[in-house]
Amino acid sequence: MGAKRTTPASSLLLAIDAGNTRVKWGLHDGRRWVKRGHAQTGRAAGLKSVFARLPPMDAIIVSNVAGDGLRTALKRALPALPAPRWIRSAAAQCGVRNSYAKPAQLGCDRWAALLGAHARCPGAVVVVNAGTA
């Protein structure tokens with residue numbers, strides 16, 4: 035069973051996974067990753083020149099687990115449009131329930147992985163996700 039397509043094949047999505055050690059990014063055209071890269075979290079401001087060289091995007095989505103300082107650096111590095119969508123953990127979303135007493139304590143990167151796994155394989159799945167924190 036394939037992934038549910040949420041953007042037309044001609045759309046460009048910039049996906050960013052901002053972690054405690056590295057900021058990873060990829061540009062997806064609806065079929066495949068056409069460009070990818072990374073930077074050390076402490077050097078995220080340098081991504082401004084990288085992002086400026088990318089073709090115009092239709093959407094930007096960001097998972098940031100490294101705090102407000104990195105969020106500010108990414109906001110400065112990203113183009114003004116389209117406005118980025120920041121992933122946040124929720125009590126329930128897209129058919130997935132978060133059983134944490136405080137749903138925000140589940141990292142948004144792990145929440146995104148759960149949502150993606152559920153979209154690809156509805157039903158019971160095991161998601162293995164390891165970070166540096």
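Using our numbering, you'd call the opening residue of the sequence shown number 35 and step up by one each time. The C-beta atom is built at its ideal place from N, Cα and C for all residues, glycine as well. Just so it is clear, the structure is predicted and the values come from calculations on it, not from any experiment.
Every beta strand (DSSP E) of 3 residues or more that sits fully in the region 38-104 is shown, in chain order, as 47-52, 56-62, 67-74 and 93-98. Nearest C-alpha to Val96 among Ala117, Val68, Pro156 and Val160: Ala117. The C-beta separation of Leu81 from Ala111 comes to about 4 Å, placing the pair in contact by the 8 Å criterion.
Straight-line measurement puts the Cα of Gly165 at about 19 Å from the Cα of Gly103. With respect to the C-alpha of Asp92, the residue from Ser45, Ala146 and Ala147 having the closest C-alpha is Ser45. Counting along the chain, Leu115 sits inside no alpha helix (DSSP H), nor does DSSP assign it H or E at all. Residue environment for Val57: buried (at least 16 other C-beta atoms within 10 angstroms of its C-beta). In the three-state DSSP reduction, Arg110 falls in the helix class (H, G or I).
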